[in-house]
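Trainee:
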Amino acid sequence: MKIIIQKVKAASVTFEQKKNEIKSGICVLLGIHETDFTADADYIVNKILNTRIFDDEDGKAWGASVQSLGLEILLVSQFTLYGYLKGNKPDFHYAMKNGPSRRLFDYVVQKIQTAMPGKVQVGFFGEDMLVDITNDGPCTLIIESRDEARVEDQLQQMSKIGGVKATKMYEKEKHLWIE
């Protein structure tokens with residue numbers, strides 16, 4: 793799983809006549825890899841809630857998280873984060889397919905909404921949206937649940953989420969996410 797976290801003064805997502813928006817907080821663009829599962833999601837949820845990109849109440853830089861300050865989150869699914877170029881044409885076959893990715897995205901949303909009730913807005917999954925972001929700083933971080941080395945050997949390169957233990961968890965759960 794890959795996220796782009798942006799510290800924002802305001803952010804919104806619009807589809808047709810529907811608009812979800814936040815004031816101060818973070819905008820998170822979330823991509824789901826074809827081999828991701830709940831351990832990836834749990835890792836990413838922890839990072840979304842606890843990454844310290846705000847000044848704390850004493851003004852100390854990098855001292856507070858969106859959760860510790862009670863700010864807002866706009867969470868937008870973005871399969872293109874797992875795109876790459878084949879010549880000049882983008883290819884997205886490393887992104888998880890729509891059905892399983894929707895379930896995993898909903899899992900992430902539910903975890904974050906449980907941790908921060910009333911503070912989370914969500915994009916329109918699978919739709920062509922207009923995303924408006926007013927960056928603060930700017931401060932933008934890219935965070936992945938696994939090492940890039942997994943391209944060579946997908947099930948052995950899971951060090952950020954627990955190595956062999958995570959591989960065994962993946963084997964037990966993969967039927968839930970892979971169609």
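Heads up, the sequence shown is in our numbering, so the first residue is 793 and it goes up one at a time.
Even glycine gets a Cβ: it sits at the ideal position worked out from N, Cα and C.
None of these values were measured; they are calculated from a predicted model.
Could you name the residues that DSSP lists as bridge partners for residue 876?
Mentor: BP columns for residue 876 point to 883.
Trainee: Taking only three categories from DSSP, how would you classify residue 891?
Mentor: Residue 891: helix per DSSP, three-state reduction.
Trainee: Look up residue 856 in the DSSP assignment and say whether it is helix, strand or coil.
Mentor: Three-state result, residue 856: strand.
Trainee: Using only alpha-carbon positions, find the residue among 855, 833, 865, 875 that is nearest to residue 799.
Mentor: Minimum Cα distance to residue 799 is reached at 865.
Trainee: Grab me the residues of residue 919's own chain with a C-beta within less than 6 Å of its C-beta, minus the 5 sequence neighbours each way, in chain order.
Mentor: Taken in chain order, the residues that qualify are 807.
Trainee: Start and end of the alpha helix (DSSP H) containing residue 830?
Mentor: Here the alpha helix (DSSP H) through residue 830 covers 830-842.
Trainee: Secondary structure at residue 776, three-state DSSP: helix, strand or coil?
Mentor: This structure cannot speak to residue 776, because the chain is shown only from 793 to 971.
Trainee: Out of curiosity, what's the CA-to-CA distance linking residue 881 and residue 857?
Mentor: Answer to the nearest angstrom: the Cα atoms are 38 Å apart.
Trainee: Give the secondary structure of residue 963 by DSSP, where H, G and I count as helix, E and B as strand, and everything else as coil.
Mentor: Residue 963 falls in the helix class under three-state DSSP.
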